[in-house]
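Residue numbers (the UniProt record's numbering): 1 to 578.
Quick reminder that beta carbons are idealized off the backbone N, C-alpha and C, glycines included.
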């Protein structure tokens, strides 16, 4: 028997159940409407599809419907942690098979190399048919986003290992015609390539579709079929070029390019040249070429590698010309590998560092070389005095030189640095102390970038205090300095303690971080990347950034011989390349 009260409760329960069902139905309808709004919103769907960078996955999406095919063809390919506007064509295998790399996709195609062409009985002037067919089909998908083409050579990693031959790509006319279909390409890098006469003639024409758009050029170890082409090839430099990057080039090639720029009638904005003991035959030639380049460049970037081959004439040519570099007013960046200090070169380096005061436009200075021995300490004093006179210096990098220099001598540098210094990088010093660190921070309180590597004597407490005192610090790297405590990770994750940090690299980890610290890092930084090395002797690193551009600038603080145009390590040059 049902009592009145029981009946009342039953009615209330039925009403509550009906209300819940209605709410669930409303939520389901709202979700369906939301899905429908997203699906039929072209802008949102293009953004979503763009984060599917794999070509095979894109093909599957395009097979769903005509609409998805239409949206996929309009969407760019956005791969994670990569520059998706770069088409990198290089060699990664023993066979002469060329790899096309773009937005995280790699496609291997056969290609024509110099070794294959020489071994052939019949003259070959075209790429294999499959190469052109696949390359054309691949570039059709990436036409809208490719802005930079890097052509030829093997990767720097493979070249260091030496497992595969350094294949020399033969750039042919049919391959150039494929690149003409890239309407947004602004940069072209040629690395260990052989340019045929047909290619030089085709690219020298005023109606060349690719060259008309190119504003940045890189030439690294370029070869030709005929000797007379060495002078003719400069005609491929278009009138609108603004940046030039050269390495593994002789003095005559550099001079011809400078004359070409002068003939165009407009100075280039940026001129990068990597010099070594094989570039010049004597000091007179070196000075005449560099003065010519200085006259046609608004900003001149010199990378000089003074190797230990002191018996070579080219070494003495560079050493004799080095003190005269202070007369080149266009130099804004100088990378100098001094090699080893010895009585033979004391006078040349003393004159050079003593004349740094006249380099009024120098903004970035990279110094590296062999560790300074005790008997060569006067050279360290010359470096310190020279750097102290650079009132316009914004970036200073010192690696390997002060490995064995005493703390009191390092303190001379830290207490005399230009107060306007914005970026400082130092690596591999066994004597760098806590006092040196604090004096550095006190001398340069407006540092924006700080890169520390291999400073084993500096304590974590000192590092934390230095980071907190630098309120404008945006980029920080601490690597190979012993075990890294989690307190440092908590510090960089704290927005109040380090408000300006945009990119951080912290090393010294033997194991992944705890589950308490990782969420703090993910909350502060957009990207947190753990690089684990397989060797038990190498420390793992955490790379974190809110702005990827800041992270790349932080990496550049440790680079010495990488081309700023195409990131090729120009120090990896074989002796028979000339």
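Helix, strand or coil at residue i according to DSSP, with G and I counted as helix
i           : result
residue 264 : helix
residue 148 : strand
residue 479 : strand
residue 119 : helix
residue 561 : coil
residue 368 : strand
residue 575 : Because residue 575 sits at a pLDDT of 40, beneath the cut-off of 50, its placement in the model cannot be relied upon, and the following sentence gives the value as read from the coordinates. DSSP places residue 575 in helix when its eight states are reduced to three.
residue 80  : coil
residue 294 : helix
residue 351 : helix
residue 256 : helix
residue 461 : helix
residue 206 : coil
residue 569 : strand
residue 454 : coil
residue 71  : helix
residue 16  : Any reading at residue 16 must be qualified, since the residue scores a pLDDT of 48, below 50, and its modelled position is unreliable; the value itself is stated next. Correct three-state label for residue 16: helix.
residue 153 : strand
residue 169 : strand
residue 131 : helix
Chain-order list of residues whose beta-carbon lies under 6 Å from that of residue i (same chain, five-residue window excluded)
i           : result
residue 301 : 272, 333
residue 497 : 468, 491
residue 330 : 294, 297, 300
residue 357 : 389
residue 245 : 218, 272, 563, 565
residue 204 : 235, 236
residue 88  : 101, 150
residue 338 : 306, 369
residue 45  : 71
residue 551 : 503, 545
residue 239 : 264
residue 2   : Legend: pLDDT at residue 2 = 43, less than 50; position of this residue unreliable, value from coordinates given subsequently. Hits under 6 Å: none found.
Residues that DSSP places opposite residue i in a beta bridge
i           : result
residue 274 : 303
residue 504 : 476, 544
residue 220 : 191, 247
residue 98  : 91, 109
residue 530 : 542
residue 174 : In the DSSP output, where bridge partners are listed per residue, residue 174 has none listed.
residue 331 : 300
residue 509 : 540
residue 449 : 423, 475
residue 470 : None, per the DSSP bridge assignment.
residue 86  : 148
residue 49  : According to DSSP, which records beta bridges pairwise, residue 49 is partnered with nothing at all.
residue 61  : None; residue 61 has no bridge partner.
residue 582 : Since the first and last residues shown for the chain are 1 and 578, residue 582 lies out of range.
residue 337 : 305, 368
Neighbourhood of residue i by C-beta distance below 7 Å, restricted to the same chain and skipping five residues each side
i           : result
residue 107 : 100, 134, 138
residue 62  : 68, 69, 72
residue 520 : 490, 493
residue 495 : 524
residue 403 : 371, 428, 429, 430
Check whether residue i and residue j have beta carbons under 8 Å apart
i           : j           : result
residue 408 : residue 384 : no
residue 448 : residue 472 : yes
residue 98  : residue 86  : no
residue 215 : residue 191 : no
residue 518 : residue 476 : no
residue 282 : residue 317 : yes
residue 255 : residue 289 : yes
residue 366 : residue 560 : yes
residue 425 : residue 455 : no
residue 212 : residue 178 : no
residue 488 : residue 503 : no
residue 326 : residue 379 : no
residue 434 : residue 398 : no
residue 453 : residue 474 : no
residue 90  : residue 162 : no
residue 554 : residue 505 : yes
Neighbourhood of residue i by C-beta distance below 8 Å, restricted to the same chain and skipping five residues each side
i           : result
residue 50  : 75, 76, 77, 78
residue 173 : 125, 126, 196, 198, 199, 202
residue 382 : 349, 350, 353, 354
residue 113 : 96, 167, 168, 169, 170
residue 363 : 332, 333, 392, 393, 394, 395
residue 82  : 103, 104
Distance cut-off 7 Å: residue i Cβ against heavy atoms of the ligand PLP
i           : result
residue 400 : Summarising the ligand content, the structure contains no ligands, and the ligand PLP is consequently not present.
| query | Unbroken alpha helix (DSSP H) runs of length 4 or more, entirely within the segment 370–399: which are they? | reply | Segments of the alpha helix (DSSP H) lying fully in the segment 370–399: 377–388.
| field | Completely contained alpha helix (DSSP H) runs for the segment 404–429, where each covers 4 or more residues | value | List check, alpha helix (DSSP H) in window: 407–414.
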